[in-house]
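Quick notes on the structure that follows.
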Amino acid sequence: MPQLPFLLVDAFTTRPLRGNPCAVVLDADDLTPTVRQQLAREFNQSETAFVDQAPAGSIEFAVRFFTPAEEIPLAGHPTIATVTALLHAGRVVLPADGSALVLTLNLLHGPIRVDVLPPTSAEPPLVWMTQRPPVFGAFHAPEVVLPLFGLTPDDLLPGAPIQTVSTGTPQLMLLLRDHAALRRAHVADPAALGRYRAGSDFFSPHLFCLGGATPAGYTFARHFGTPPDVSEDPVTGSATGGMAAYLWHHGYLSSPEFIAEQGHDMGRAGSVQVRISGPRAAIDTVQIGGTGVVVLEGGLRGDL
Numbered sequence: 003m004p005q006l007p008f009l010l011v012d013a014f015t016t017r018p019l020r021g022n023p024c025a026v027v028l029d030a031d032d033l034t035p036t037v038r039q040q041l042a043r044e045f046n047q048s049e050t051a052f053v054d055q056a057p058a059g060s061i062e063f064a065v066r067f068f069t070p071a072e073e074i075p076l077a078g079h080p081t082i083a084t085v086t087a088l089l090h091a092g093r094v095v096l097p098a099d100g101s102a103l104v105l106t107l108n109l110l111h112g113p114i115r116v117d118v119l120p121p122t123s124a125e126p127p128l129v130w131m132t133q134r135p136p137v138f139g140a141f142h143a144p145e146v147v148l149p150l151f152g153l154t155p156d157d158l159l160p161g162a163p164i165q166t167v168s169t170g171t172p173q174l175m176l177l178l179r180d181h182a183a184l185r186r187a188h189v190a191d192p193a194a195l196g197r198y199r200a201g202s203d204f205f206s207p208h209l210f211c212l213g214g215a216t217p218a219g220y221t222f223a224r225h226f227g228t229p230p231d232v233s234e235d236p237v238t239g240s241a242t243g244g245m246a247a248y249l250w251h252h253g254y255l256s257s258p259e260f261i262a263e264q265g266h267d268m269g270r271a272g273s274v275q276v277r278i279s280g281p282r283a284a285i286d287t288v289q290i291g292g293t294g295v296v297v298l299e300g301g302l303r304g305d306l
């Protein structure tokens, strides 16, 4: 029986079993949206990527991202994982002259550019994802939002607005006072968070503070979900892009390039390189970069 190849890839890490795992299904052209959603629930990762075959000689791929609950328009760690899987499976090849490989991924809401830098002696290929231009959404009341995470308004960094920001997927941005507040955070009532999310303009909440988990990091973050999605995402690329736009726009960054860290307290330490271009009031682009490691290869039944 013919099988569809799939790979499990850890993104935003150079070491297996760190970073954020993502299932990547190749040659997924004939899988219906319903089957894709069922498979995403079966894999039960924070996201699963489905990659259609590219025409001969092309480096454009149609890709869709599904959480266990729903399809989403853009995701960061699945982008890193998808490109890592394509390289590993020989579907794309880095230029022999050592230059960058430029790919196009055609996502639900249109194409994005991905640049792949060749590997070094110490690290695998570095994948740079250019996200959508940032969109700044609604502001949210601290006295309403913070209790959803077992926190009080005093846990927010003084003066920091709670705001929805999207660089492809809208996320709720909460800049907390310090690491202690971030580590205390938890979803106090999943049903209450689900109700608030259903009546608002964001997909999921991203809580973060200034100062990394290691000296290399400028930020440290946590990202929560609601059932049936995973309760906490180890390293969240789309939200890191939105966080970067938030920090640059509101004046919390002195440099447009930094390292974002996430997942360390979960035993899944991940590192995201970030670049922002454009003035604070009119950001041109947000890019996130990271490496991926293939952990598992297998085949799906062809009669799904």
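In terms of the working numbering, the sequence shown opens at residue 3 and continues consecutively. The beta carbon of each residue, even a glycine, is placed where N, CA and C say it ideally should be.
| task | Could you pull out every residue in the same chain whose Cβ sits closer than 6 Å to the Cβ of alanine 183, ignoring the five residues on either side in sequence? | result | Asp157
| query | Taking the runs of the beta strand (DSSP E) that are 3 residues or longer, which of them lie wholly in the stretch 50–107? | reply | 50–53 and 62–68
| Nearest CA to the CA of arginine 115: which residue from Arg134, Ser123 and Gly161? | Arg134
| message | What would DSSP say about proline 310, mapped onto helix, strand or coil? | response | Residue 310 lies beyond the range of the chain shown here (3 to 306); nothing can be said about it.
| request: Examine the Cβ distances between the stretch 251–261 and the stretch 272–291 and report whether three or more of them are shorter than 8 Å. | output: yes
| Which ranges would you report for the alpha helix (DSSP H) in the stretch 144–186 if only whole runs of at least 4 residues count? | 144–147 and 181–186
| task | Pull up the DSSP beta-bridge partners for glycine 291, would you. | result | Trp130 and Gln275
| query | Taking 7 Å as the cut-off, does the CB of glutamate 234 come closer than this to any heavy atom belonging to the ligand ATP? | reply | Annotation note on the ligand ATP: not contained in the displayed structure, which lists no ligands.
| field | C-beta contact flag for phenylalanine 226 and threonine 166 at 8 Å | value | no
| said: How far does the beta strand (DSSP E) with proline 7 in it extend, from its first residue to its last? | reply: 5–13
| request: Counting only runs of 3+ residues fully inside the stretch 231–288, write out the beta strand (DSSP E) ranges in chain order. | output: 259–264 and 272–279
| said: Please classify glutamate 263 as buried or exposed, where buried requires at least 16 other C-beta atoms within 10 Å of its C-beta. | reply: buried
| query | Taking the alpha-carbon positions, what's the glycine 301 to phenylalanine 151 distance? | reply | 39 Å
| query | Between leucine 306 and glutamine 40, what straight-line distance do the alpha-carbon atoms span, to the nearest angstrom? | reply | 10 Å
| Comparing alpha-carbon positions, which option in Leu107, Val232, Phe141 and Gly170 lies nearest proline 75? | Gly170
| request: Please confirm whether glycine 243 and valine 11 have their CB atoms less than 8 Å apart. | output: no
| message | For isoleucine 370 and valine 129, which I take to be in contact (beta-carbon distance under 8 Å), what is that distance rounded to the nearest angstrom? | response | Lying before the first or after the last residue shown, residue 370 is absent from the chain, which here runs from 3 to 306.
| Alpha-carbon spacing of phenylalanine 14 relative to alanine 124, whole angstroms | Taking the straight line joining both Cα atoms gives about 15 Å.
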